[in-house]
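4 protein chains.
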Amino acid sequence: MAIVDLNCDMGEGFGVYRLGDDAAMLDIVTSANVACGFHAGDPLIMFETVRLAKERGVAVGAHPGFLDLWGFGRRTIKGEPPGDLAKTVTYQIGALQAVAAAAGHRVTHVKLHGELGNLAAADLDVALAIGRLIAAVDPSLVWVVQAGTAVERAAEMVGLPLASEIFADRAYTDEGTLVPRRQPGAVIHEPEVAARRVREMVEDGAVHSSNGRRIPVRIDTVCVHGDTPSAVAMARAVRATLESAGVQVRPFSSTGVRAALGGAAR
Amino acid sequence: MAIVDLNCDMGEGFGVYRLGDDAAMLDIVTSANVACGFHAGDPLIMFETVRLAKERGVAVGAHPGFLDLWGFGRRTIKGEPPGDLAKTVTYQIGALQAVAAAAGHRVTHVKLHGELGNLAAADLDVALAIGRLIAAVDPSLVWVVQAGTAVERAAEMVGLPLASEIFADRAYTDEGTLVPRRQPGAVIHEPEVAARRVREMVEDGAVHSSNGRRIPVRIDTVCVHGDTPSAVAMARAVRATLESAGVQVRPFSSTGVRAALGGAAR
Amino acid sequence: MAIVDLNCDMGEGFGVYRLGDDAAMLDIVTSANVACGFHAGDPLIMFETVRLAKERGVAVGAHPGFLDLWGFGRRTIKGEPPGDLAKTVTYQIGALQAVAAAAGHRVTHVKLHGELGNLAAADLDVALAIGRLIAAVDPSLVWVVQAGTAVERAAEMVGLPLASEIFADRAYTDEGTLVPRRQPGAVIHEPEVAARRVREMVEDGAVHSSNGRRIPVRIDTVCVHGDTPSAVAMARAVRATLESAGVQVRPFSSTGVRAALGGAAR
Amino acid sequence: MAIVDLNCDMGEGFGVYRLGDDAAMLDIVTSANVACGFHAGDPLIMFETVRLAKERGVAVGAHPGFLDLWGFGRRTIKGEPPGDLAKTVTYQIGALQAVAAAAGHRVTHVKLHGELGNLAAADLDVALAIGRLIAAVDPSLVWVVQAGTAVERAAEMVGLPLASEIFADRAYTDEGTLVPRRQPGAVIHEPEVAARRVREMVEDGAVHSSNGRRIPVRIDTVCVHGDTPSAVAMARAVRATLESAGVQVRPFSSTGVRAALGGAAR
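Residue numbers (my numbering), protein chains in the order written: chain A, 1 to 266; chain B, 1001 to 1266; chain C, 2001 to 2266; chain D, 3001 to 3266.
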């Protein structure tokens, strides 16, 4: 029987601000990627998010981003040395670990946010520097990666366990990468369409491109977004469709993610 | 033979800014209280401070403050619930723990900064809320306290090990509290005067007030400041004077700090 | 025929965050108090708010607050010298003036935000320091005040034109001050109740206390809130009720606000 | 007789932090570019800088940068729409104008900071968007430009008066651009060498490249840096050398800067 995780970014408010309906999403997903105070998030929101996640059996991971609250971690910031970026990631993971400890929960994964994630996906130096410091903090942390990216390679080289992710609401190219947001059809808005695609890809063990090509990949987790108008409806549809097809939805941290090649070899 | 620690606040820069001569101070003191990014500090400065501390055998502790970079944690901010303040402290400790792990070092103590410290010293609810979350993160963390304050009491009630601190450059009242900064004679500027007082108090096991009264206290650590013009000279004088009097200067984390009363009960 | 202005705080988002439905409120109110980047707001949001206001004939004013984005200007921050607070207000007004110029509009009033407003209302030194610097920037700026506060007195002493404000959704004491938020009945949630009260008070030229007492005050403007669930409904009800009673609703900047007694007379 | 201005970036501290010896520099230079709170600066530092400048007859200009305190406006941030960048510049100019009014002084020029300056120098769309909003705020503001850049062209197209700048401590290529910092010899550290070069270039009305080539440019102002160890010594040497050669050193705002081509058309 297939097993898969549903993950969602959460705790992306700041001070009085909130983004998305975290309480509703926490009833649907199995892993929460919690913003750590750099692109969004603050200690109170982090604590509350982790507390609710614990209550509902949802796994929590760090969701570190650029130190750029104003740009929500989405501004393209170039030129920071990989080692410096890695230190900022380390800081954010540690902050969440302590907050999670205070809330009686535990951080079990890491997923990079926004432009930091894009940068690491494309730049092996950045990905490796980050991977090494994740491992220095806790080598059992599962790194959520997209197949074929530098982050996947870095996770393998560093020896971190990794969880391979697909996106519920994004179209794929024939190379298995995301269709850029500005192209028509890049983003899927209808919950039922997204849900059916996710089921097909999970059952097939492959990403399906816009052109109908299948690119086999391991699928440990499905990312659903939390900050769009149809977010909750789409997440519900994805989960219901998977479960009605007999797929078990549960946190990847308990499903035996891919042991990275690395540790051993190094 | 008497043993005492010398502690100093460090890493209190931000971005391009620096405060004090940390490199020089790290050759003199035995414990560094590292700013954690709220009143000052950032991941890069934290990493560098911890790395240097490790290199020189200096113990590191978290130095959490209010989320108030502009006010450097010195603005009086009222009304935040104790539990919320405690969560911000937790966040900061965790951030430093992870950065320290990345630098191959370990966080062994906590000392509150500025107005957050003043608030906790005067308000047992705040101190207790903070103490409980420190213990939740790591119950072996030594809490640096001033004798007679709510922080000392909270450390005892929560069962955290504590290190009792005196200040090298501050005059004391007959009650053993600090003479308010605005009163004449509140701050000692001459390195030799400060050094002699520290030696006398350490040898006597008591704080000496401006009026010549002695108030017996345990002295585990002596705070020297790092951001005044004579900071380095004063720290050197204090250390030299202590050592020439046969006092051993080393990190309190290794000297057997006071087991909190609570600890026993656990 | 009675004339009154309706004012509302706006532009209180930051980066990706938004607060309240500004577009809807701008169709109802006649004056917008625009956050200026300290407790909330940023240059893009400010520009967009002012642009929309201009388009709809809504007057704009600066809504300066504490430099405290995390606390949304609602943390109680003590001890900042009045002159320093005044400089932060000046900065914010100027920032909005330039943004307004870029958007083809003009800043015609000032209303203090949150705890900065509370502090100035209670502390004449703070209010005077702020008033003097408002006048230094532009002596024709109308200062929105609550009757009986230090801000009203400061506006008179400094010689700034002032607009006297009542709140649509708050109960009043027999002294004409707001019933503290934590007391039962302090906040009015039903649009129709609020609308009827506003009409009665505007027609009567007096604030009506919870106990039924009337306290005569000049009423130039009525504050409606923009960030509550019923905000838009309440603002619509207030405006409709006023207009159906023959009250003209238009910006106070064009209604001849109270000429302050003016430096001269005192 | 030749006339030239000396300009220097100032007020680049934040909260408790300071950068450079502004008080000393204000005795030497004739124009101060004042940081406006985005890459550095805050209302109190801005006020104090402007107050001292006024006292010493130094002209003040806005020195706007990216909203990036941590990176001091030196991180390369890509992809922000030109119009958005222009709004952030507008905000900063207005903030300084009001602070200057409160200090009894007046903002007479604008000089972009760091990476925002580099971006505008290379991208005419950005430079034009910024130039148009500077003109919307105050069309008499002098824009400090480097000859041959998009900023110079934008100033001309928009019709802003402009002041053409050379750098005291930077080597030039044969094309009249700055030798990149990482190349050997790019930065001149000896005050006397810098001072002699500046005198020669000012007298010659041309930039002198490392290879000895001369590129004729108008020179209205010479930039001296304030945040290097030899900053004050170099600024003093430059001024003394210019004056002993009979060059008059005074603010460009009073020397009749180049009327932009556009101006004529207006």
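Backbone N, C-alpha and C fix where the C-beta goes; we use that ideal spot for every residue, glycine too.
query                                                                                                                        : result
Other residues of its chain near S3209/D: CB distance less than 7 Å, five sequence neighbours each side excluded             : Y3172, T3173, D3174, I3215
Contacting positions in the segment 2032 to 2045 of chain C - beta carbon closer than 7 Å to chain A                         : D2042
C-beta contact flag for I195/A and A237/A at 8 Å                                                                             : The sequence shown places Ala at residue 195/A, rather than the Ile named in the question. The answer is yes: Cβ separation under 8 Å.
Distance between beta carbons of A62/A and V107/A, contact taken as under 8 Å                                                : 6 Å
R2056/C - DSSP class collapsed to helix/strand/coil                                                                          : coil
Anticipated Cβ contact below 8 Å, V222/A with A155/A, distance rounded                                                       : Contact doesn't hold; Cβ gap of about 18 Å is too wide.
I1077/B versus W2070/C - alpha carbon distance                                                                               : 12 Å
I1130/B (DSSP reduced to helix, strand or coil)                                                                              : helix
Supposed close pair R258/A, L162/A - CB separation, criterion 8 Å                                                            : 6 Å
Nearest residue (CA-CA) to G185/A, options R170/A, T177/A, G212/A, I28/A                                                     : R170/A
Inter-residue CB distance, G3083/D and A3129/D (contact presumed, cutoff 8 Å)                                                : 5 Å
Y3017/D at chain C interface by Cβ criterion, 8 Å                                                                            : no
Closest Cα partner of E2165/C within the set I2134/C, A2136/C, V2224/C, P2139/C                                              : V2224/C
G1185/B - DSSP class collapsed to helix/strand/coil                                                                          : coil
Span of the alpha helix (DSSP H) around E1115/B                                                                              : 1114 to 1122
Proximal chain C residues relative to F72/A, where beta-carbon distance stays under 8 Å                                      : G2015, V2016
Cutoff 8 Å: L3178/D Cβ touching any chain B Cβ                                                                               : no
As assigned by DSSP and simplified to three states, the class of D2022/C                                                     : helix
Member of E3190/D, F3047/D, M3046/D, I3003/D whose CA lies at the smallest distance from the CA of T3030/D                   : I3003/D
Meets three-Cβ-pair contact criterion under 8 Å: the segment 2034 to 2049 of chain C and the segment 2005 to 2015 of chain C : yes
Start-end ranges of the beta strand (DSSP E) lying completely within the segment 181 to 239 of chain A, minimum 3 residues   : 206 to 208, 214 to 216, 221 to 223
Partners in chain A for G3061/D, counting only beta-carbon separations shorter than 7 Å                                      : None at all; the shortest Cβ gap to chain A is about 24 Å.
Burial state of D27/A (16 or more Cβ within 10 Å)                                                                            : exposed
CB contact below 8 Å: T221/A versus chain D                                                                                  : no
is_contact[D1022/B, chain A] using C-beta, thresh 8 Å                                                                        : no
Straight-line Cα distance separating G3057/D from G3073/D                                                                    : 28 Å
Within 8 Å, strictly: CB atoms of V16/A and V34/A                                                                            : no
Whether A206/A touches V217/A by CB criterion (8 Å)                                                                          : yes
For G2094/C, three-class secondary structure by DSSP                                                                         : helix
Closer than 8 Å to chain C by CB, L1116/B                                                                                    : no
Buried/exposed call for P229/A, threshold 16 Cβ in 10 Å                                                                      : exposed
Neighbour-count burial assignment, D2068/C, 16 or more Cβ in a 10 Å radius                                                   : buried
C-alpha gap between M25/A and C8/A, whole angstroms                                                                          : 8 Å
Candidates A231/A, R18/A, V249/A, of which the one nearest V202/A by Cα                                                      : V249/A
Reference A2147/C, options D2125/C, L2160/C, T2177/C, G2226/C, closest by Cα                                                 : T2177/C
Inter-residue spacing [alpha-carbon to alpha-carbon] between T49/A and R18/A                                                 : 12 Å
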